[in-house]
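Undergrad: Just dropping this structure here.
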Amino acid sequence: MTTLDLPPAPAPSTAAPGPAGPTGAPSAAGPERRVRLGGVTREDVLTLLGAVGGSLALDWLLYERVLPFSGALGFLLCWYLLFLAGYFALGRLQWESQLVRERLVAVVTWSSGLLVVGLIADQVGYVLLKGLHAARHLNFFTESMETTAALSPITSGGALNAVVGSLEQLGLATLFAVPLGIAAAVFMSEVGGRMARPVRTLVEAMTALPSIVAGLFILGIVIVTMGAEKSGFAASLALTVMMMPIVTRAAEVVIRLVPGTLREASYALGGSQWRTVWNVVLPTARPGLVTAVVLGMARGVGETSPVLLTSGFTSQFNGNPFAEHQVSLPLYIWNYVKQPYPEMVSRAFAAALTLMIVVLVLFVTARVVGGRAPGQLTRRQRRRIDRAARPAGPAPATRPARPAKHARPATAARSARPVRES
6 MTTLDLPPAP APSTAAPGPA GPTGAPSAAG PERRVRLGGV TREDVLTLLG
56 AVGGSLALDW LLYERVLPFS GALGFLLCWY LLFLAGYFAL GRLQWESQLV
106 RERLVAVVTW SSGLLVVGLI ADQVGYVLLK GLHAARHLNF FTESMETTAA
156 LSPITSGGAL NAVVGSLEQL GLATLFAVPL GIAAAVFMSE VGGRMARPVR
206 TLVEAMTALP SIVAGLFILG IVIVTMGAEK SGFAASLALT VMMMPIVTRA
256 AEVVIRLVPG TLREASYALG GSQWRTVWNV VLPTARPGLV TAVVLGMARG
306 VGETSPVLLT SGFTSQFNGN PFAEHQVSLP LYIWNYVKQP YPEMVSRAFA
356 AALTLMIVVL VLFVTARVVG GRAPGQLTRR QRRRIDRAAR PAGPAPATRP
406 ARPAKHARPA TAARSARPVR ES
């Protein structure tokens, strides 16, 4: 038998291995330092502050001492351009060109977002400041302008009739526009055929339709030709004409984003085209469809000219959208903001603030109702599945087998047998 003599294995070392040196042996250096990728460093902050301060000083020098320019808008625009140039120059002194371009694009993106947020905050703050004088009184939300004159105090009258009229008209327009818009989107994306292209062309043309044209269309067809009176229902029809193309275009884009493999799986399981669209395509595209509905509602809730031509104006409360004139919040604002009385102007800005709150509530409600992820079950569906998974009744309890009184283990019985000699 052949044996192989091996050297004895070295004893394990109890010392912690350190980082390897240049020759491969562990060095006696300290622990490794963690390198953080991304984030904001001190050099980034100092470079940004230096560019902001230097561009501001140079802009002030040019506007006040050198160039014959004036105006706050030009000053801010020139400051921003000088800031971008200064940030690029300072970054080029310490970073590579690719990193400088990346951070310059990041600065432009962040500044654009902050500009948009600042403009929105400025508009909301201005409306809040001008309308808080009337909105802080409870009568503004509980009374109409039926018994209020132009010189009446701010504690008299309100916008209850306009709030109710806007909600009713927007609700009816949504009831008409959403089914028609989603059905048209399903036809163009799922059914197709010869009529798909003319329908798409018509929808694209209606997207850019001026609102006054929609009001004139309903005025000429419904009111003048058919003899109907001006009412909230006629105004809702005009809003439907404005909302439907927005809903259709957005819904078509969302439906086209549904993966085709889901449709193929449904067809492979024996589902028809209608069942595939109803049970697979539309539930998968539900969050996007909710966004499409919100976009359509945002387009219709602020329209003034179609409502002015189709619903008329009244200072009385009218909760019936199918009879007599009915006012809405945009029409209420348009009628009172141009009057030379401070109380009326304050009521108009308070109505604008109310309109923003109504849009915010509608948007949040739509996101809560339809904001579930594709395939996520509702509470009712989960309870139904749990109820179906439960057994019909309690299972009978099984008793354990009772061992015999004088039974012996099998090993003992086997060992007790006599061994037969051969």
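Numbered according to my numbering, the sequence shown spans residues 6 to 427.
Backbone N, C-alpha and C fix where the C-beta goes; we use that ideal spot for every residue, glycine too.
Taking the alpha-carbon of G324 as reference, which of L365, S171 and R254 has the nearest alpha-carbon?
TA: Of the listed residues, the one whose Cα sits closest to G324 is S171.
Undergrad: Which residue's Cα is closest to the Cα of G225: A239, L214 and A213?
TA: That would be A239, whose Cα lies nearest to the Cα of G225.
Undergrad: Using three-state DSSP, classify R389 as helix, strand or coil.
TA: DSSP places R389 in helix when its eight states are reduced to three.
Undergrad: Run through DSSP, which three-state label would A371 get?
TA: Helix.
Undergrad: Could you check if I260 is buried or exposed, using at least 16 other CB atoms within 10 Å of its CB as the buried criterion?
TA: With 16 or more other Cβ atoms within 10 Å, it is buried.
Undergrad: Check this for me: beta carbons of M349 and Y341, under 7 Å apart or not?
TA: Contact: yes.
Undergrad: Classify W279 as helix, strand or coil using the three-state DSSP reduction.
TA: DSSP places W279 in helix when its eight states are reduced to three.
Undergrad: Whole angstroms is fine: what's the gap from D49's alpha carbon to R106's?
TA: Distance between the alpha carbons of D49 and R106: 14 Å.
Undergrad: Whose CA, out of V122, G301 and L86, lies closest to the CA of S241?
TA: Checking every option, the nearest Cα to that of S241 belongs to G301.
Undergrad: Spatial neighbours of A155 within its chain, please: CB distance less than 6 Å, with the 5 preceding and 5 following residues excluded, ordered by chain position.
TA: The answer, listed in chain order, is Y346.
Undergrad: Since Y92 contacts A56 with CB under 8 Å, what's their CB separation in whole angstroms?
TA: Y92 to A56, Cβ: 4 Å. Contact.
Undergrad: Would D391 count as contacting chain D if we go by Cβ distances under 7 Å?
TA: Checking the listed chains, one finds no chain D in this structure; it contains a single protein chain.
Undergrad: Under the three-state reduction of DSSP, which class applies to W100: helix, strand or coil?
TA: It is coil, neither helix nor strand.
Undergrad: Which class does I159 belong to by DSSP, given the choice of helix, strand or coil?
TA: It is coil, neither helix nor strand.
Undergrad: Between which two residues does the alpha helix (DSSP H) containing E48 stretch?
TA: Segment R47 to L66, the alpha helix (DSSP H) holding E48.
Undergrad: Count the CB pairs spanning the region 352-360 and the region 136-145 that are closer than 8 Å, and state whether there are at least three.
TA: Contact between the region 352-360 and the region 136-145 is present, because at least three Cβ pairs lie under 8 Å.
Undergrad: Need the endpoints of the alpha helix (DSSP H) that V2 sits in, please.
TA: Within the shown structure, residues of the chain are numbered from 6 to 427, placing residue 2 beyond reach of any answer.
Undergrad: Residues in the same chain with beta-carbon distance under 8 Å from S351, minus the five sequence neighbours each way, listed in chain order, please.
TA: Once the five neighbours on either side are set aside, the close Cβ partners of S351 are K135, G136, H138, A139 and I159.
Undergrad: From Q278, G307, A290 and P292, pick the residue whose C-alpha is nearest to that of L365; which is it?
TA: Of Q278, G307, A290 and P292, the residue nearest in Cα terms is G307.
Undergrad: For the 8 Å Cβ check, are there 3 or more pairs between the region 180-197 and the region 245-255?
TA: Touching, yes, given that three or more Cβ pairs across the two stretches are closer than 8 Å.
Undergrad: With distance defined between alpha-carbon atoms, name the residue in Q278, L53, P73 and F80 nearest to L109.
TA: For L109, the nearest C-alpha among the options comes from L53.
Undergrad: By how many angstroms is the C-alpha of K343 removed from the C-alpha of S310?
TA: Between S310 and K343, the C-alpha separation is close to 16 Å.
Undergrad: Using a Cβ distance threshold of 8 Å, determine whether the region 195-212 contacts the region 229-238, with at least three qualifying pairs required.
TA: No: fewer than three Cβ pairs fall under 8 Å.
Undergrad: Specify the secondary structure class of Y341 as computed by DSSP and reduced to three states.
TA: If DSSP states are grouped into helix, strand and coil, Y341 belongs with the helices.
Undergrad: Below 8 Å on the Cβ atoms is my contact criterion, and I expect S117 with F88 to pass it. Report the Cβ-Cβ distance as a whole number of Å.
TA: With a Cβ gap of about 13 Å, S117 and F88 do not count as contacting.
Undergrad: Express the C-alpha separation of L207 and M200 in angstroms, rounding to a whole number.
TA: Going from the Cα of M200 to the Cα of L207 covers about 11 Å.
Undergrad: Going straight from the alpha carbon of L104 to that of R97, what length do you get?
TA: When rounded, the distance between both Cα atoms is 9 Å.
Undergrad: Rounded to whole angstroms, how far is the Cβ of P335 from the Cβ of V312, which I believe are closer than 8 Å?
TA: About 6 Å separates the two Cβ atoms, so the contact holds.
Undergrad: Whose C-alpha, out of T114, S277, R47 and N144, is nearest the C-alpha of V196?
TA: The candidate whose alpha carbon is nearest that of V196 is S277.
Undergrad: DSSP three-state label for V332, please.
TA: Reduced to three states, the DSSP call for V332 is coil.
Undergrad: Tell me whether A243 is buried or exposed, calling it buried when 16 or more other Cβ atoms sit within 10 Å of its Cβ.
TA: The residue in question, A243, is buried, as its Cβ has 16 or more Cβ neighbours within 10 Å.
Undergrad: How is T359 classed by DSSP in three states: helix, strand or coil?
TA: Looking at T359 - three-state DSSP - the assignment turns out to be helix.
Undergrad: Does the distance from the CB of M248 to the CB of A182 come in under 7 Å?
TA: Yes, the pair counts as a contact, with Cβ atoms nearer than the cut-off.
Undergrad: F5: which of L221, G162, V132 and E37 sits nearest, CA to CA?
TA: Any property of residue 5 remains undetermined from this structure, which presents the chain solely from 6 to 427.
Undergrad: Is DSSP giving P203 helix, strand or coil here?
TA: Helix at P203.
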